[in-house]
Amino acid sequence: MRTILLSLLFIALFIVASLQLPTTYALLVGIVLVIVFILLDAMGNRILLVIGSRNIFRRKGTTALVICGLMVGTAIISASFIVGNTLDNMIIGDTTKGSGGADFVIEAKGELGNFMLNSTLVEELEGDLRSIENVHIVESFVRSSAGVLDNETQLSDASASFMGLTDSLLASYDLMDLSGERVEGLPLEGEAFINEKLATELDAKIGDQLTLLNGYISVDVVVQRIVQYEGLGSYGLQPQVYLDLSTAQNLTGYPDHKNIFFISLADKEDEYFDRARESLNTTLQNYQGEGLTITLDRQKVIEEGLDNMATYTSLFFLLGSFSIIAGIALIVNIFTMLGEERKSEIGISRAVGMKRAQMVRVFTYEGMLYAAIAAGIGTLVGLVLAYVLVNMAAASIDLGDLPLADYFTFTPFSLAISYLIGFLLTLLVVYVTTRRISHLNIVRAVRNIPEPPLSRDDRRGWMIGLMLFALGAGLMVVGIMWESQLFSMTGLSCATVSLGFLLRKAVGDRIAWNIAGVATLFIWLPLPFSIFPYSGFIELFVVAGIFMVTAALILVMFNSDEIIWFFTKVLRVKKGYRAVVKTAISYPLKSKFRTALTVFIFGLVIFTITTLSVVSAILDVGIPKLAAETSGGYDIIATTNPLTPLDTDLWERTNASSSFIKGENITNVVSMQTGSGMLRTSTTDASGKLVTNDTIYNILGFDSRIYTEGNYWLADWDKERFPTEDEVWNGVLENTSLVIVDGSMLTSEMSDFTAGPQAEIGDVVTMTTSNGSYSFTVVGVMKQPVLTGLFVSHTFMEETLNITNPGVYLLNIREGLDVDRQAALLEREFLANGMQTIPIDTVAKEIVQQINGVFTLFRAFLGLGLIIGVSGLGIITVRAIRERRLEIGMMRAIGYTKRMVVTNFALESSFISFLGIVIGTLLGISIGYTVYLEAFEELGYDFVIPWVEIVAVGIGAFLATLLSVYPAARGASKISPAEVLRFE
Amino acid sequence: MSIISCQGLTKTYVTGDVRVEALKGITLEIGKGEMVAIMGPSGCGKTTLLNCLSGLDDVTSGKIFIEENDITTLDDDEKSELRAVRMGFVFQFYNLLPVLSATENVELPLLISGTKSEEANERALRLLDRVGLKERSMQRPSSLSGGERQRVAIARALVNDPAIVFADEPTGDLDKRTANDIVALLRELNEENEQTFVIVTHDPEVGARCDRIVHMRDGLVVSENGSVARISQEIVDMG
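Here the protein sequences come in this chain order: A and B. To convert, take the position in the first sequence, counting from 1, and add 6; that gives the working numbering. To convert, take the position in the second sequence, counting from 1, and add 18; that gives the working numbering.
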């Protein structure tokens with residue numbers, strides 16, 4: 007009665023919490039309520055609590071082992087949360103850095119970034135901005151890009167910026183020198199400050215003379231101070247030079263002009279940001295034609311960044327869920343074995359009157375204490391693990407300027423929720439497992455006789471099957487209604503697994519479960535047809551893993567006799583060891599439940615690692631191949647600063663004797679005009695809703711040389727209007743309302759993970775520039791995703807947008823030359839034009855390296871699951887030895903040598919891990935192939951199986967298993983046969 | 019001619035500060051083909067003697083000769099091999115491997131000694147037939163009765179055609195009727211194959227069927243050819 011009342015009270019409290027609090031906090035309250043409920047329950051059943059707690063201290067070694075096993079799941083949960091905290095921190099920190107300290111930044115950009123406002127206009131706008139409610143600071147200055155050459159070190163940077171400082175700007179926003187002192191005085195004429203980033207790139211020191219080049223204009227300055235990469239020092243996240251305002255204005259070619267406005271608000275709550283944003287947009291409407299845009303909205307950028315990071319954090323959770331599931335399987339295994347070990351005691355306790363519920367309570371209290379300790383350790387281990395992962399990521403993935411490791415952080419909330427989820431998860435699994443144990447037959451338990459197998463007529467199995475089938479059918483209906491692959495495939499899998507329960511009465515266990523196993527496996531294999539024609543992504547991978555591994559396990563466990571026969575025939579071992587092979591394989595296959603759980607752990611983890619390896623290998627091989635295919639046949643893409651385009655022919659300049667790069671080294675040059683504007687695309691999401699996307703995007707004007715000199719392949723085009731690819735290019739040249747878009751806009755299965763705009767053939771996209779809005783019909787999508795933009799006719803650029811100078815050059819370099827070196831020489835030659843180059847092959851290699859870094863990180867994270875598997879096997883071996891001491895004694899009596907006993911146990915564990923490794927590998931390759939068919943085949947990638955890597959992981963896991971069981975197996979060989987045969 | 023011979027055999031167990039002298043200098047000869055019962059009250063050292071004679075346990079001092087080889091000088095592997103080839107064992111609680119069928123349990127010693135699988139299977143089935151379990155050969159131990167399990171254990175002990183079979187309380191866990199059947203079977207096999215049987219037992223019925231009884235008390239052999247009645251009375255008296 008007391009328990010019922012308590013339950014009702016706690017349910018009521020949880021409902022109140024759910025209604026009043028945000029979901030995460032309500033969840034937290036729910037978990038705390040469950041824990042308090044159990045504690046109160048335990049206080050009311052003290053004797054059971056005493057029994058449960060004393061069980062823990064019976065065998066200290068076992069307790070340590072159990073806690074190690076239990077804490078892994080919590081460690082993964084905690085690590086995932088902390089990685090999430092770190093990514094969030096990075097986004098907030100990075101956005102704050104890039105903003106220079108402003109809440110909003112307004113820039114006069116125009117499509118070439120070449121708009122400047124005269125002082126009258128600046129004053130007028132400043133006044134308007136200051137009149138907006140809650141606007142606290144408005145500062146204006148000039149900033150543009152320039153090539154910078156350090157005359158001492160002779161190093162240069164074409165992508166640097168310069169900024170004109172004012173006293174009021176320095177008073178309102180922070181600029182700190184390296185000693186941390188705030189910079190208050192402006193640089194004098196002929197002097198400059200540079201930020202740490204530029205100092206590093208140029209290897210510059212105080213006193214170095216720099217030449218700043220902006221087209222025709224150049225200025226020499228001496229480095230007077232190096233400033234921290236913080237506040238104004240990190241605005242724009244670029245290498246930067248700080249000049250006095252008039253020097254900077256002169257360098258732009260617009261004396262007395264400014265182009266940037268910093269705005270800060272007094273109150274920074276969300277609602278104030280929303281209002282300010284609205285007012286700013288209204289104000290800017292009065293300045294149409296001045297090219298003014300809000301280029302930075304700190305709160306919005308942070309929000310969007312956090313949303314994007316949430317995708318990656320959830321990816322960690324999803325991949326981590328494999329290890330968490332493996333951890334749950336380990337907990338089930340541990341407690342099942344604890345139950346088996348104590349079978350006689352449980353039987354005796356039941357015989358003297360202990361009720362089933364009380365038995366469950368004893369285990370639950372014991373589990374609660376284990377869980378409390380293990381969740382605590384797991385949370386801390388997760389913290390260390392996250393730190394290691396973040397540092398690994400920082401070391402292996404080039405995140406540009408993002409020093410990920412510096413942003414490592416965690417919140418007390420993350421630690422608390424990790425602890426509580428880990429605790430509750432462990433407890434829940436212990437509870438369910440012990441309910442199963444408590445159903446044993448008292449006489450059989452007292453006499454330690456094994457439970458008989460479930461009879462064919464048993465109604466429980468039938469009922470479970472029926473419920474599973476109903477659940478499956480329900481999920482399928484939901485899946486079909488919502489057009490969700492996740493729900494429909496989960497439902498179908500539940501239904502196929504239920505066949506095992508439903509058919510056993512009619513055809514017997516073996517046939518029924520073989521049908522269930524084959525059917526479940528079949529539906530997840532790469533099929534030439536789609537069972538459900540809906541899309542799904544990463545969540546489906548987890549479900550596929552669970553069902554495929556389960557199905558394979560069913561097949562193994564219900565064909566164990568054939569497997570034993572096969573291995574005893576195949577393994578041609580030394581004469582006396584045939585007996586060892588037989589017993590070593592028989593034991594695991596007869597102890598179905600514990601073996602299945604351990605194979606499941608291994609299988610699931612290896613499955614995930616293999617799938618990731620396959621996908622990584624597909625990208626490894628595919629990206630360089632694709633880069634070669636999509637490079638258009640060019641070696642280098644070069645762009646110039648839109649404000650300082652080349653005023654001479656590139657070919658002529660490079661052929662001049664003073665050129666850094668020899669003209670003869672360049673074999674081909676194709677140029678295009680460039681501009682930018684706001685691109686609006688519309689796509690339909692999974693629910694059929696029209697989603698519009700507004701992005702600042704490039705627009706490029708090409709002439710016929712792009713396809714006569716090179717070969718930019720199209721992934722898709724309007725084949726009805728244009729039978730060949732050349733005709734598409736020609737069609738766009740002749741019709742300025744048509745457009746070809748770059749390959750990054752290609753809609754694919756991976757689009758969920760790309761934030762950019764997407765377009766398909768026939769879509770109408772709109773580009774808004776200061777000249778007006780223009781709509782284009784997409785008639786072609788390129789394969790190449792590097793040179794991004796809308797590809798339109800050069801006449802449109804010249805006549806409609808008034809852009810005549812080229813901004814992009816596609817070059818070929820003489821064969822045999824180092825393309826990277828030639829690209830660097832080009833940058834040096836056109837430093838004043840801010841030329842930046844992309845050596846296509848190198849970029850492809852860098853992308854591969856990045857992807858490898860990410861995949862290595864994920865695999866390392868998943869490797870934790872292997873630790874679970876290996877420790878699980880260690881636990882099983884220790885327990886198996888304890889259970890089988892008498893049998894070991896007998897084996898020794900009939901002639902097993904010590905080495906044979908060691909071999910026997912090593913072989914048992916090896917066999918389990920071998921099964922898991924083989925199942926996981928084969929299924930991982932299979933699902934990898936499905937992923938390839940779904941996501942990569944249409945992009946032109948090849949299917950690749952990285953055998954070396956897969957075999958290395960398999961061998962590693964196998965050796966780790968041997969190492970983990972060896973001490974226990976050696977211990978088993980030392981068991982004295984005389985002692986155990988006599989006393990046990 | 020003796021197949022087992024021991025001289026001045028002592029065995030002392032040391033647990034912490036406690037020293038227990040289980041065997042206090044035993045000298046004994048057992049002839050080839052003999053069926054000998056070792057009897058005496060609980061704790062007199064019967065099982066310790068059997069364990070030492072079979073090489074399952076190390077001796078503290080003394081010599082043990084099996085077919086004229088001093089097994090106290092053998093290392094663990096050599097003793098294992100000797101047990102696999104020349105000895106068979108029957109225990110009170112059968113000690114069959116639960117995951118193997120009756121046939122597979124019987125085959126096990128043959129496989130250890132390197133016999134081919136087909137031959138091992140054939141011999142195991144022959145012996146199971148001999149002990150009356152041909153029809154139950156595919157069953158696992160959990161499906162067999164106590165008597166049947168002990169018959170499987172006997173078949174396993176004999177399958178290697180050992181020179182000596184050591185049995186520790188082979189009828190201890192069986193009802194009287196089944197126990198009688200088992201003893202009769204052991205006797206028959208002893209006569210058929212001329213193998214030496216060394217049986218540790220409390221059961222007077224078992225002693226009565228043996229060629230002679232070695233009577234032990236307090237770690238010493240009281241008599242090498244004792245009387246069943248006298249020993250049985252002593253067992254009853256001393257518990």
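The beta carbon of each residue, even a glycine, is placed where N, CA and C say it ideally should be. All values reported here derive from a predicted model rather than from experimental measurement.
Euclidean distance between Cα positions of residue i and residue j
i, j, result
"residue 400(A)", "residue 676(A)", "38 Å"
"residue 262(A)", "residue 147(A)", "10 Å"
"residue 830(A)", "residue 737(A)", "36 Å"
"residue 50(A)", "residue 569(A)", "51 Å"
"residue 758(A)", "residue 259(A)", "Any reading at residue 758(A) is ruled out, since the residue's pLDDT is 46, under 50, leaving its predicted position unreliable."
"residue 700(A)", "residue 686(A)", "5 Å"
"residue 771(A)", "residue 290(A)", "24 Å"
"residue 485(A)", "residue 564(A)", "31 Å"
"residue 286(A)", "residue 821(A)", "54 Å"
"residue 310(A)", "residue 304(A)", "10 Å"
"residue 884(A)", "residue 893(A)", "15 Å"
"residue 84(A)", "residue 586(A)", "43 Å"
"residue 513(A)", "residue 908(A)", "41 Å"
"residue 779(A)", "residue 284(A)", "22 Å"
Sequence-distant residues of its chain with Cβ nearer than 6 Å to residue i (five each side left out)
i, result
"residue 489(A)", "540"
"residue 437(A)", "370"
"residue 475(A)", "501, 504"
"residue 71(A)", "881"
"residue 171(A)", "192, 248"
"residue 384(A)", "77, 80, 81, 428"
Cβ shell of residue i (< 8 Å), same chain only, five flanking positions each side left out
i, result
"residue 440(A)", "341, 345, 365, 366, 369, 370, 373"
"residue 194(A)", "230, 250"
Buried versus exposed call for residue i [16 or more other C-beta atoms within 10 Å across all chains shown]
i, result
"residue 233(B)", "buried"
"residue 37(B)", "exposed"
"residue 1077(A)", "Given a span of 7 to 990 for chain A in the structure shown, any question on residue 1077(A) remains unanswerable."
"residue 26(B)", "exposed"
"residue 142(A)", "exposed"
"residue 221(B)", "buried"
"residue 768(A)", "exposed"
"residue 604(A)", "buried"
Own chain residues within Cβ distance below 7 Å of residue i, not counting five before or after
i, result
"residue 116(B)", "158, 159, 160"
"residue 318(A)", "93"
"residue 111(B)", "191"
"residue 548(A)", "324, 327, 328"
**Report entry** the region 125 to 133 of chain A touching the region 222 to 242 of chain A, judged by at least three CB pairs closer than 8 Å
**Finding:** Contact between the region 125 to 133 of chain A and the region 222 to 242 of chain A is absent, because fewer than three Cβ pairs lie under 8 Å.
| task | Compile a chain-ordered list of the residues in the region 493 to 511 of chain A whose CB is closer than 8 Å to at least one CB of chain B. | result | Answer set for the region 493 to 511 of chain A: empty.
Exercise for review: Would you list, in chain order, the members of the region 879 to 896 of chain A that have their beta-carbon closer than 8 Å to a beta-carbon of chain B?
Suggested key: The region 879 to 896 of chain A vs chain B, Cβ under 8 Å: 892, 893, 895, 896.
#### Entry: Meets three-Cβ-pair contact criterion under 8 Å: the region 876 to 885 of chain A and the region 622 to 629 of chain A
Short answer: they don't touch.
ask   = Are the region 95 to 106 of chain B and the region 41 to 56 of chain B in contact at 8 Å, needing three or more beta carbon pairs?
value = They do not touch, by the three-pair rule.
**Prompt:** Is there contact between the region 960 to 977 of chain A and the region 662 to 670 of chain A, where contact requires at least three CB pairs shorter than 8 Å?
**Reply:** Judged by Cβ distances under 8 Å, the region 960 to 977 of chain A makes no contact with the region 662 to 670 of chain A, as fewer than three pairs qualify.
Discussion item. What are the residues in the region 56 to 78 of chain B lying within 7 Å of chain A by C-beta distance?
Written reply: Those residues of the region 56 to 78 of chain B that come within reach of chain A (Cβ to Cβ, closer than 7 Å) are 65, 69, 74, 75.
Worksheet item: Do the region 732 to 746 of chain A and the region 778 to 796 of chain A meet, that is, are 3 or more Cβ pairs less than 8 Å apart?
Response: Judged by Cβ distances under 8 Å, the region 732 to 746 of chain A makes contact with the region 778 to 796 of chain A, as three or more pairs qualify.
The region 76 to 96 of chain A touching the region 385 to 395 of chain A, judged by at least three CB pairs closer than 8 Å | Here the region 76 to 96 of chain A makes contact with the region 385 to 395 of chain A; the two share three or more CB pairs at distances below 8 Å.
query: So, do the region 126 to 137 of chain B and the region 198 to 209 of chain B have three or more beta carbon pairs nearer to each other than 8 Å?
result: Touching, no, given that fewer than three Cβ pairs across the two stretches are closer than 8 Å.
**Asked** Any residues in the region 115 to 133 of chain B with a beta carbon nearer than 9 Å to a beta carbon of chain A? Which ones, in chain order?
**Response** Residues of the region 115 to 133 of chain B with a C-beta less than 9 Å from any C-beta of chain A: 115, 116, 117, 118, 122, 125, 126, 127, 128, 129, 130, 131, 132, 133, listed in chain order.
I'd like to know if the region 721 to 741 of chain A and the region 807 to 820 of chain A are in contact, where contact means that at least 3 CB-CB pairs between them fall below 8 Å. Touching, no, given that fewer than three Cβ pairs across the two stretches are closer than 8 Å.
_Using a Cβ-Cβ cutoff of 7 Å, what residues of the region 583 to 607 of chain A are near chain B? List them in chain order._
Answer in chain order: 584, 585, 588, 589, 592, 593, 596.
| message | Residues of the region 336 to 348 of chain A in Cβ contact with chain B at a cutoff of 9 Å, in chain order, please. | response | Those residues of the region 336 to 348 of chain A placed with their C-beta closer than 9 Å to a C-beta in chain B do not exist.
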